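Numbering (my numbering), first residue to last: 5 to 924.
Structure first, commentary second.
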Ligand code: BGC
């Protein structure tokens with residue numbers, strides 16, 4: 005019995021690592037293994053990138069523990085054959101003495117537009133042994149200069165076509181495409197690629213994202229037909245949905261360029277221009293919020309194939325560009341990720357069929373129907389249903405969320421929309437021809453195709469259920485922009501929601517390329533005065549942003565640095581962030597930043613907005629200071645340190661109640677935020693103005709005033725559990741996290757949530773109550789960082805140094821987390837039975853970790869084994885175990901049952917370890 009749980013946990017872990025693919029191959033090899041997981045700008049074999057000095061990364065494997073990279077050699081060539089001969093004609097780095105296995109900047113010849121580069125890497129380990137070369141990876145440049153673009157923006161209608169004769173055998177072909185609105189590109193009757201809702205949403209006046217496709221297989225020698233369908237997307241937005249902060253465009257437009265190389269070396273270009281022809285197709289209505297109507301009777305058979313006569317079609321019109329730079333879409337595209345079978349079909353009223361997917365998702369439905377021509381089948385989408393079985397759409401406000409398909413007639417028909425998406429669990433079908441069955445509808449899950457990189461499971465089912473709904477909420481709100489929600493007439497890039505969940509998102513999904521683009525989006529909207537906006541791109545909300553929203557600018561940059569070791573993000577954004585911080589300063593003459601719109605939004609107990617803003621000003625200055633330190637901007641770092649000290653003093657003067665030992669009005673949010681930022685003095689003028697008093701009051705409020713429940717909104721929630729853990733009160737944090745009564749995550753689950761809600765309250769009426777709002781999801785970061793104990797160590801950006809400090813709390817018998825970091829998977833998996841704590845740890849090659857094991861209070865002297873060797877005995881470290889370089893006892897916030905418990909820490913190198921701590 006006793007060993008069942010550990011076995012199950014490590015099995016899951018092994019599966020997770022095994023499933024991650026390329027890491028498998030060199031297990032068992034002796035010495036340094038082939039580098040694996042080669043990426044360029046965070047992407048696997050990307051086509052069409054426009055970073056002129058792209059960064060390369062790889063992961064390492066080694067048969068021994070405690071291994072590091074001491075040198076690398078990268079070869080980049082214009083063909084794989086050259087690499088085979090050992091030649092890097094674009095770049096041969098030679099042997100570079102360096103530990104860097106991520107963020108390695110390409111240092112070869114200038115990379116040219118449209119050219120493919122092939123690359124491989126090998127490394128030297130600590131002993132000077134060289135690994136075999138990696139398999140060959142590639143990256144390809146996009147169109148780097150504006151003059152590379154011969155294409156013209158065209159529009160006029162929603163179908164566009166062009167015939168193109170290619171005289172010769174095709175060796176290579178690329179399509180570069182973007183749109184104002186959405187496009188579906190078709191060649192010779194077939195859709196190109198698997199992207200949907202492309203391109204990503206940007207501030208179109210600043211940037212348009214183009215996608216590069218390899219179309220060699222779809223084009224052919226001889227006659228070709230190129231077609232494009234256009235949708236409205238974010239660019240062509242109904243004025244009903246708020247004031248046009250960003251210019252709305254009257255109709256969608258396309259920009260397309262196809263470049264072909266023939267076998268004889270000839271190069272051909274097809275570019276969108278006014279020689280294209282247009283028509284109106286079967287999509288008669290489309291809108292992100294409102295849905296799509298498709299009249300299959302209006303289909304034009306053969307329009308996207310060659311030989312079709314478009315003589316009667318009017319020519320395309322030249323359309324003015326939005327003025328934005330054409331930049332490569334260097335992040336995963338939006339795709340149909342999965343197809344869900346409904347769990348049930350209800351028939352609440354005659355002719356009304358309601359499907360329940362059993363899961364709230366973002367996307368649409370695929371309809372299967374057979375019936376008379378002209379029958380209109382209507383699908384309406386909802387997150388909720390009434391007891392009667394009818395859908396409840398009271399909370400989606402003005403979004404019509406309705407798709408209609410009008411039948412062609414004849415054969416059975418299958419249809420799904422192209423240019424809309426909905427947030428929903430239920431689908432109401434009316435007007436169906438005949439009687440539908442469960443098979444008539446499928447749910448299509450649609451979001452940006454980020455790879456999952458993290459997993460967390462524990463012996464507590466509530467925690468596991470929370471983790472599940474956090475992940476569902478997070479991924480379904482990734483639609484090129486991270487949105488607040490996916491269902492109502494909003495779906496904006498709210499910056500507050502972004503900053504609250506950024507770390508959680510990074511631990512669960514590979515957000516590196518996605519957030520790199522988000523950072524660009526933020527730069528795009530920054531004003532000359534340094535301000536940023538509440539939503540990015542700016543569609544709702546204010547400029548300047550509420551400081552708890554605008555903080556996403558520095559916060560996200562810092563998360564990118566911490567989590568991915570991304571120094572370039574700091575370099576590229578430092579000046580912008582500095583300017584932003586200066587703007588905040590200009591509004592805070594007495595060092596208190598007071599303006600605020602939302603504060604600790606959706607809290608149960610409100611915290612004064614000016615307090616929240618004042619703290620974020622301090623926080624942002626702090627982040628700028630850290631950035632300046634990393635970048636070696638010493639004077640700036642000093643200036644920030646000085647300013648931060650002044651702000652801290654001003655905040656303590658104004659908001660720290662010396663009589664009560666609380667900040668502002670004493671809410672959990674107020675005290676937790678202040679503690680998180682280390683504001684309270686260790687020693688006050690009286691007994692109450694101190695850190696101890698604030699800590700006492702925070703725990704007192706949670707424990708006695710609220711029976712271990714939160715009163716915070718989503719801004720404050722992010723801080724409470726980490727602060728409790730830091731205080732040595734992970735036990736209390738755990739109690740809060742595992743609640744199932746109002747207000748708590750478990751309460752949402754007990755009431756049927758399959759994605760996180762916007763409110764702690766269970767509301768289903770016409771008020772603001774989205775049932776898919778990921779902003780309370782920060783709790784998942786606490787699962788990884790506290791319960792599994794996986795943290796970036798001090799000076800350890802990108803997991804170069806890892807701090808593993810699992811919080812073994814209460815009756816939690818096991819927890820395990822894995823994060824596939826930029827250096828490889830970091831895993832921690834522990835079990836606890838009274839008297840024995842087992843902690844299994846995996847550290848990637850080229851990283852080091854400190855593992856801090858907590859002791860039970862009652863244990864007294866303990867023995868720690870790693871595998872079958874003793875590493876700790878009689879209060880001392882026992883040397884000699886490979887990979888375990890040091891050990892020491894301490895009182896490092898063990899948070900095990902009692903805050904003052906002892907801990908035992910070990911320094912370890914890469915490898916897999918099983919520590920077992922038992923009472924002597
Ligand atoms: C959004 C939030 C956002 C807030 C600003 C709401 O409408 O859905 O998530 O942060 O406005 O207060």
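Ideal Cβ positions, reconstructed from N, Cα and C, are used throughout, including at glycine.
This one's a predicted model, so the numbers in the text were calculated from it and none came from an experiment.
Legend entry - DSSP state of residue 607 mapped onto helix, strand, coil: Here residue 607 refers to the residue found at position 603 when the chain shown is read from its first residue. Here DSSP, grouped into helix, strand and coil, assigns residue 607 to coil.
Legend entry - Identity of the residue in 867, 780, 907, 918 nearest residue 831 by Cα: Stepping through the chain shown from its first residue, residue 831 is reached at position 827. Ranking 867, 780, 907, 918 by Cα distance to residue 831 puts 918 first.
Inset, instruction - Report all residues from its chain with a CB closer than 6 Å to the CB of residue 409; omit the five preceding and five following residues, and keep chain order. - result: By one-based count along the chain shown, residue 409 stands at place 405. So the qualifying residues of the chain are 298, 371, 381, 419.
Legend entry - Check whether residue 924 and residue 884 have beta carbons under 8 Å apart: On the chain shown, position 920 is the one that residue 924 refers to. On the chain shown, position 880 is the one that residue 884 refers to. No.
Legend entry - Alpha-carbon spacing of residue 145 relative to residue 270, whole angstroms: Looking up residue 145 in the chain shown gives position 141. Looking up residue 270 in the chain shown gives position 266. Inter-residue distance for residue 145 and residue 270 is about 20 Å (C-alpha atoms, whole angstroms).
Inset, instruction - For residue 723, I'd like the list of residues in its chain whose CB is within less than 7 Å of its CB, leaving aside the five on either flank, ordered along the chain. - result: As a first step, residue 723 is located in the chain shown; it is residue number 719 there, counting from the start. Correct list, in chain order: 676, 677, 680.
Inset, instruction - Going by CA-CA distance only, name the one from 232, 206, 150 that's closest to residue 187. - result: As a working note, residue 187 is residue 183 in the chain shown. Checking every option, the nearest Cα to that of residue 187 belongs to 232.
Legend entry - Contact test: residue 777 Cβ vs the ligand BGC heavy atom, cutoff 7 Å: Here the question's residue 777 lines up with position 773 in the chain shown. Under cutoff, so the answer is yes.
Legend entry - Three-state class that DSSP yields for residue 444 in the structure shown: Counting from 1 along the chain shown, the entry for residue 444 is found at position 440. If DSSP states are grouped into helix, strand and coil, residue 444 belongs with the helices.
Inset, instruction - Tell me whether residue 27 is buried or exposed, calling it buried when 16 or more other Cβ atoms sit within 10 Å of its Cβ. - result: By one-based count along the chain shown, residue 27 stands at place 23. Low local confidence applies: a pLDDT of 40 at residue 27 is under 50, so the model's placement there is unreliable, with the coordinate-based value given in what follows. By the neighbour-count rule (16 or more Cβ atoms within 10 Å), residue 27 is buried.
Legend entry - Sequence ranges, alpha helix (DSSP H) only - wholly within the region 180 to 221, length at least 4: none
Inset, instruction - Compute the distance between the beta-carbons of residue 1 and residue 841, then report whether it is under 8 Å. - result: The chain is shown only over 5 to 924; residue 1 falls outside these bounds and no answer can be derived.
Inset, instruction - Would you tell me roughly how many angstroms separate the C-alpha atoms of residue 118 and residue 776, rounded to the nearest one? - result: Numbered from its first residue, the chain shown carries residue 118 at position 114. Numbered from its first residue, the chain shown carries residue 776 at position 772. Between the alpha carbons of residue 118 and residue 776 lies a distance of about 41 Å.
Legend entry - Every unbroken alpha helix (DSSP H) within the region 691 to 762, with a cutoff of 4 residues, ordered by chain: Entirely contained in the region 691 to 762, the alpha helix (DSSP H) runs reaching 4 residues are, in chain order, 695 to 704, 718 to 730, 734 to 741, 749 to 754.
Legend entry - Inter-stretch contact at 8 Å, needing at least 3 Cβ pairs: the region 62 to 78 / the region 123 to 142: Contact between the region 62 to 78 and the region 123 to 142 is present, because at least three Cβ pairs lie under 8 Å.
Inset, instruction - State buried or exposed for residue 912, treating a residue as buried only when at least 16 other CB atoms are found within 10 Å of its CB. - result: If you number the chain shown from 1, residue 912 lands on position 908. Within a 10 Å sphere around the beta-carbon of residue 912 sit 16 or more other beta-carbons, which makes this residue buried.
Legend entry - residue 494 CB to nearest heavy atom of the ligand BGC below 7 Å: Along the chain shown, one-based indexing puts residue 494 at 490. For the ligand BGC, at least one heavy atom lies less than 7 Å from the Cβ of residue 494.
Inset, instruction - Quick one: grab the DSSP three-state call for residue 574. - result: Mapped onto the chain shown, residue 574 falls at position 570. Helix at residue 574.
Inset, instruction - Just grab the DSSP bridge partners of residue 409 for me. - result: Taking the chain shown and counting its residues from 1, the one referred to as residue 409 is at position 405. DSSP lists 298, 381 as partners of residue 409.
Inset, instruction - Round the Cβ separation of residue 907 and residue 866 to the nearest angstrom and send it over; I've been treating them as touching at under 8 Å. - result: Position 903 of the chain shown holds residue 907. Position 862 of the chain shown holds residue 866. That belief does not hold up - the Cβ atoms of residue 907 and residue 866 are roughly 11 Å apart, past 8 Å.
Legend entry - CB of residue 507 within 8 Å of CB of residue 563, strictly: Translated into positions along the chain shown, residue 507 becomes position 503. Translated into positions along the chain shown, residue 563 becomes position 559. Taking 8 Å as the Cβ cut-off, residue 507 and residue 563 qualify as a contacting pair.
Inset, instruction - Taking only heavy atoms of the ligand BGC into account, decide whether any of them is closer than 7 Å to the Cβ of residue 764. - result: Residue mapping note: residue 764 aligns to position 760 of the chain shown, counting from 1. Every heavy atom of the ligand BGC is 7 Å or more from the Cβ of residue 764, so no.
Inset, instruction - Could you have a look at residue 274 and say whether DSSP puts it in helix, strand or coil? - result: Position 270 of the chain shown, counted from the start, is the residue given in the question as residue 274. In the structure shown, residue 274 sits in a strand (DSSP, three-state: E or B).
Inset, instruction - Starting from the C-beta of residue 500, find all residues in its chain whose C-beta is less than 6 Å away, skip the five residues before and the five after it, and write them out in chain order. - result: Position 496 of the chain shown, counted from the start, is the residue given in the question as residue 500. Excluding positions up to five away in sequence, the list reads 552, 553.
Legend entry - Same chain, Cβ closer than 6 Å to residue 263, five either side skipped, listed in chain order: Working through the chain shown from its first residue, we reach residue 263 at position 259. 178, 273.
Inset, instruction - Starting from residue 835, follow its DSSP beta bridges and name the residues at the other end. - result: Looking up residue 835 in the chain shown gives position 831. Looking at the DSSP output, residue 835 bridges to 818, 842.
Inset, instruction - Whole angstroms is fine: what's the gap from residue 791's alpha carbon to residue 754's? - result: The residue given as residue 791 occupies position 787 in the chain shown. The residue given as residue 754 occupies position 750 in the chain shown. So the two alpha carbons sit approximately 22 Å from each other.
Legend entry - Backbone CA spacing between residue 236 and residue 576 [nearest angstrom]: What you label residue 236 is simply residue 232 of the chain shown in a count that begins at 1. What you label residue 576 is simply residue 572 of the chain shown in a count that begins at 1. Roughly 32 Å between the two C-alpha positions.
Inset, instruction - Look up residue 513 in the DSSP assignment and say whether it is helix, strand or coil. - result: The sequence position of residue 513 within the chain shown is 509, counting from 1. Of the three classes helix, strand and coil, the one that applies to residue 513 here is strand, per DSSP.
Legend entry - Those residues, in chain order, that have a beta-carbon closer than 5 Å to some heavy atom of the ligand BGC: 488, 498, 500, 501, 602, 605
Inset, instruction - Give the straight-line distance between the Cα atoms of residue 914 and residue 825, rounded to the nearest whole angstrom. - result: Sequence index remark: in the chain shown, residue 914 carries index 910 (1-based). Sequence index remark: in the chain shown, residue 825 carries index 821 (1-based). Rounded to whole angstroms, residue 914 to residue 825 spans 14 Å at the Cα level.
Inset, instruction - Check residue 501 in the structure and name its three-state DSSP category. - result: Along the chain shown, one-based indexing puts residue 501 at 497. The answer is helix: DSSP assigns residue 501 an H, G or I state.
Inset, instruction - Please confirm if the region 754 to 769 is in contact with the region 598 to 614, defined as three or more CB-CB distances below 8 Å between the two stretches. - result: yes
Inset, instruction - Quick one: residues in its chain with C-beta nearer than 6 Å to the C-beta of residue 586, no 5 flanking neighbours on either side, listed in chain order? - result: To locate residue 586, count along the chain shown from 1; it is residue 582. If we look at residue 586 and ignore the five residues flanking it on each side, its Cβ neighbours are 534.
Inset, instruction - Have a look at residue 687 and residue 789 and give me their C-alpha separation to the nearest angstrom. - result: Position 683 of the chain shown, counted from the start, is the residue given in the question as residue 687. Position 785 of the chain shown, counted from the start, is the residue given in the question as residue 789. Taking the straight line joining both Cα atoms gives about 29 Å.
Inset, instruction - Give a yes or no on contact between the region 329 to 336 and the region 52 to 65, applying the rule of three or more CB pairs nearer than 8 Å. - result: Yes, the region 329 to 336 touches the region 52 to 65.
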